[in-house]
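To start, the structure itself, in structure tokens.
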Amino acid sequence: MSQWSQVQQLEIKFLEQVDQFYDDNFPMEIRHLLAQWIESQDWEAASNNEAMATILLQNLLIQVDEQLDRVSQEKNLLLIHNLKRIRKLLQGKYHGNPMHIAVIISNCLREERRILAAASMPVQGPLEKSLQNSVVSERQRNVEHKVSAIKNSAQMTDQDVKYLEDLQEEFDFRYKTIQSLEQSDKNSALIKQEMLALQAMLNTLDYKRKEVLSKIGRVIHEIDMLMSNMLTEELLDWKRRQQIACIGGPLHGGLDQLQNCFTLLAESLFQVRRQLEKLDELLTRLTYDGDPIPVQRPQLLEKVNFLLYNLFRNSFVVERQPCMPTHPQRPMVLKTLIQFTVKLRLLIKLPELNYQIRVKATIDNNRRFVLCGTHVKAMNMDESANGSLSVEFRHLQPKEMKSSAGSKGNEGPHMVTEELHSISFETQVCLYGLTINLETSSLPVVMISNVSQLPNAWASIIWYNLSTNDPQNLSFFNNPPAATLSQLLEVLSWQFSSYVGRGLNSEQLNMLAEKLTGQQVSYNEYQLSWAKFCKVHLYFFPKANPRFPVTLRYIMGFVSKEKERILLKDKTPGTFLLRFSESNLGGITFTWVDQLENGDVTFHSVEPYNKGRLSALPFADILRDYKVIMADNVPENPLKYLYPDIPKDKAFGKHYSCQPNEVSKPSDGGGKGYVPSVFIPVSKILNDSRDPHSPSDLLPMSPSVYAVLREHLSPTVIETAVCCKLFDS
1 MSQWSQVQQL EIKFLEQVDQ FYDDNFPMEI RHLLAQWIES QDWEAASNNE AMATILLQNL
61 LIQVDEQLDR VSQEKNLLLI HNLKRIRKLL QGKYHGNPMH IAVIISNCLR EERRILAAAS
121 MPVQGPLEKS LQNSVVSERQ RNVEHKVSAI KNSAQMTDQD VKYLEDLQEE FDFRYKTIQS
181 LEQSDKNSAL IKQEMLALQA MLNTLDYKRK EVLSKIGRVI HEIDMLMSNM LTEELLDWKR
241 RQQIACIGGP LHGGLDQLQN CFTLLAESLF QVRRQLEKLD ELLTRLTYDG DPIPVQRPQL
301 LEKVNFLLYN LFRNSFVVER QPCMPTHPQR PMVLKTLIQF TVKLRLLIKL PELNYQIRVK
361 ATIDNNRRFV LCGTHVKAMN MDESANGSLS VEFRHLQPKE MKSSAGSKGN EGPHMVTEEL
421 HSISFETQVC LYGLTINLET SSLPVVMISN VSQLPNAWAS IIWYNLSTND PQNLSFFNNP
481 PAATLSQLLE VLSWQFSSYV GRGLNSEQLN MLAEKLTGQQ VSYNEYQLSW AKFCKVHLYF
541 FPKANPRFPV TLRYIMGFVS KEKERILLKD KTPGTFLLRF SESNLGGITF TWVDQLENGD
601 VTFHSVEPYN KGRLSALPFA DILRDYKVIM ADNVPENPLK YLYPDIPKDK AFGKHYSCQP
661 NEVSKPSDGG GKGYVPSVFI PVSKILNDSR DPHSPSDLLP MSPSVYAVLR EHLSPTVIET
721 AVCCKLFDS
């Protein structure tokens, strides 16, 4: 069953999460119509390879054209219209940047896998439970209800002001009519009766003025209470959900709902402001002793302006945190001289502001880093699929300034990755006579100068966003708090599921808990220190390698050797599984089961592959070409089935870089008539391993055996003994 078919069978609460990340950047219609084809392409590899991304974009457009031909024959007018629009959109949006769509599709597929994993988990973790608190959902509904009620009250007050205006015009006309009469006519009984009627009308005007001012005051008070309590809490909750989403948690929804609330409140406040201006206009035409307008109006107007200032300041948010397109699952880690993207939104969506607000991006004030690239852009409603008033910076690069003291070279990795920085944004809103300066900042980011620092930096980002709600504590690592083990394990499970499409089970979580604490402990009670996590975090965050990720979804994960043997012992000989190494931080290994002539089961584990060894060969090719030489010197590949029973080529075939038997002719093989060569990883196993002929005849060793040998052998002998050989074929 395809991944998309599994997604369509989810419960409605999970389908709503899926709906949140499909928009005009990658329309859901294309995901649905081309599900099988999309899932068969390696979008993750293309996100770092422009040539590959260009080919995939061209093929995607071809696939859309084929769907257009099909629906044209079926005369499905609506689908024809949508596909033509989508094709034009994809062509125009990504023609100059094909890697961008590869990143988007890769992210969508990964997020689908995370949601499928979350749906299959029997129990939610503490963090995810807190994000789906029923009290929070009830408050969201209350906020929307109150905002709607406030909007209705402001509109009803508009009618009261209009009635007051009509009443005053009638009074003004009748009063001026009497004033225009001759003095002799004013003494008539009819005129005296009219004067009594005017006095009654003036009393009514006074009552209505007080009533309108009272209603305006109530609307202002309701807005003030809503902003001070529920709306502020709702915004803080959204920011917390964003923090958790950045470290692998559920996608944070609710920003569109907040935008609707902020916009309606701003419209209501501007409406009240116009009502107060109308009262001022009525005041200039008529006033009297005890008139409430000159007494109450200035105070109410001051309060309205104050609320508008606060509403606008809170509405300026970072919608998408800084992130390098090359590492979409590692936001807030920025490499010097590498472009990153960041998106901001003004939650007050008013047409008058379109293209009128220019946002400037800066970094810190310590002058250690500067931002290169386009750092001033105008907010608009045209670039976002949902028409929000937003701006996206796509070409910013952090650059480190040269240190006059020359201390840069003395900084260690922990100093670099525990130093937090902030990307700041400022703008100015000028509207209806108001000028409001707005400022906001990203969550703390970590700067790195080399991709090897990425795991350390990502560990810092996780620890910060797991441990604090404070969005701007740049001195956090001066005294970092401990984290609850249960929450940390939940985050590590999210990290795993984002790559492999499933979370960690209870046995794997127990193994990680022991790895973190060195003992069996209660998840909910144990507090883990940052210093302790630093010693082992590389075990959970393998170093980045472009040849690595395509295989991650097939990794069994964090499995002990004992559990590994239990899983394999009853399987067909040649069944193997992939797991992270227990001792080689960031390493990956595979173990297969074999059967001896006497029927006994035996297991073979290969020395873990790390980034250095994977730089020579893609891991999928290693699994395809791996050979074992037995005592009779006949090489064979012992890897037949990926656990539990998936044929190896079916699991990894689409990730092979080439076919080993497809050797080019000398004339087209490249240089000077040479026959091209390929590298094949080989291990040698002897029937009588008690008497090896040479160090190179030894099996690839486990880290524990290697540790013992290291105490007794020289580094040269160890290197000869434990390294898998690469034979030139």
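First residue of the sequence shown? That's 1 in the numbering used here, and the numbers climb one at a time after it. From the three backbone atoms N, C-alpha and C, an ideal C-beta is built for every residue, glycine too.
Near residue i, which residues of its chain fall below 7 Å by C-beta distance, leaving aside the five closest residues on each side in sequence?
i: Val18; result: Val7, Glu112 and Ile115
i: Pro647; result: Tyr641
i: Ser5; result: none
i: Leu258; result: Glu234, Leu235, Trp238 and Leu347
i: Pro608; result: Ser581, Asn584, Gly587, Ile588 and Thr589
i: Ile12; result: none
i: Cys744; result: The displayed coordinates of the chain run from 1 to 729. Any statement about residue 744 would go beyond what the structure contains.
i: Ser384; result: Ser390
i: His466; result: The residue asked about is misnamed: residue 466 is Leu in this sequence, not His. Cβ within range, chain order: Ile247, Ala483, Gln487, Leu488 and Val491.
If I measure Cβ to Cβ from residue i and keep anything under 8 Å in the same chain, skipping five residues before and after, which residues do I get?
i: Gln595; result: Pro573, Val601 and Thr602
i: Leu276; result: Ile216, Arg297, Leu300, Leu301 and Val304
i: Leu308; result: Ala266, Leu269, Phe270, Arg273, Leu434 and Ile436
i: Phe171; result: Leu198, Met201, Leu202, Leu205 and Leu286
i: Asp747; result: Because residue 747 is not part of the residues shown, which for the chain are 1 to 729, the question remains open.
i: Ser148; result: Leu264
i: Leu353; result: Leu346, Met379, Leu389, Val429 and Leu431
i: Arg579; result: Ile555, Met556, Gly557, Phe558, Val559, Glu564, Ile588, Thr589, Phe590 and Thr591
Quick check on residue i: buried or exposed, where buried means 16 or more other Cβ atoms within 10 Å of its Cβ?
i: Tyr626; result: buried
i: Lys377; result: buried
i: Trp458; result: buried
i: Asp364; result: buried
i: Ala721; result: Annotation note: pLDDT 44 at Ala721 (below 50); position unreliable, no value reported.
i: Lys343; result: buried
i: Gly503; result: buried
i: Lys84; result: exposed
i: Glu16; result: exposed
i: Tyr94; result: buried
i: Met556; result: buried
i: Tyr643; result: buried
i: Thr591; result: buried
i: Thr374; result: exposed
i: Leu577; result: buried
i: Gly653; result: exposed
i: Ser40; result: exposed
i: Met225; result: exposed
i: Glu636; result: exposed
Following a CB-centred definition, is residue i positioned closer than 7 Å to any heavy atom of the ligand NAD?
i: Pro98; result: Questions concerning the ligand NAD fall outside what the structure shown contains, since it holds no ligand whatsoever.
Name the DSSP bridge partner or partners of residue i?
i: Pro398; result: Leu371
i: Tyr641; result: Thr575 and Pro647
i: Glu426; result: Lys360 and Glu439
i: Lys377; result: Val359
i: Thr589; result: Arg579
i: Tyr432; result: Paired residues: none, contrary to the question.
i: Glu636; result: Val628
i: Phe393; result: Val342
i: Ser148; result: BP columns for Ser148 are empty, so no partner.
i: Asp594; result: Thr602
i: Tyr609; result: Ile588
Ignore the nearest five residues each way along the sequence and tell me which others in residue i's own chain have a CB closer than 6 Å to its CB.
i: Lys151; result: Leu264 and Ser268
i: Glu400; result: Thr336 and Phe369
i: Ser689; result: At Ser689 the pLDDT is 41, less than 50, meaning the model places this residue with poor confidence; the figure from the coordinates comes in the next sentence. Hits under 6 Å: none found.
i: Pro480; result: Trp530
i: Pro325; result: Val103
i: Phe14; result: Ile115 and Ala119
Legend entry - alpha helix (DSSP H) segments (min. 4 residues) lying fully within the segment 191 to 251: 232 to 246
Inset, instruction - Specify whether the segment 324 to 335 and the segment 436 to 450 touch according to this definition: at least 3 beta carbon pairs, one from each stretch, less than 8 Å apart. - result: yes
Inset, instruction - Give, in chain order, every unbroken run of the alpha helix (DSSP H) that is at least 4 residues long and sits entirely within the segment 286 to 355. - result: 293 to 315
Legend entry - the segment 98 to 106 touching the segment 47 to 59, judged by at least three CB pairs closer than 8 Å: yes
Inset, instruction - May I ask you to verify whether the segment 204 to 212 touches the segment 284 to 296, counting CB pairs closer than 8 Å and requiring at least 3? - result: yes
Inset, instruction - Let me know the beta strand (DSSP E) ranges lying completely inside the segment 441 to 489, each 3 residues or longer, listed in chain order. - result: 445 to 448
Legend entry - Segment contact, 8 Å Cβ cut-off, at least three pairs: the segment 28 to 42 with the segment 54 to 72: yes
Legend entry - Three-pair Cβ contact test at 8 Å for the segment 379 to 392 versus the segment 453 to 472: no
Legend entry - Segment contact flag, the segment 417 to 427 with the segment 347 to 363, C-beta cutoff 8 Å, min 3 pairs: yes
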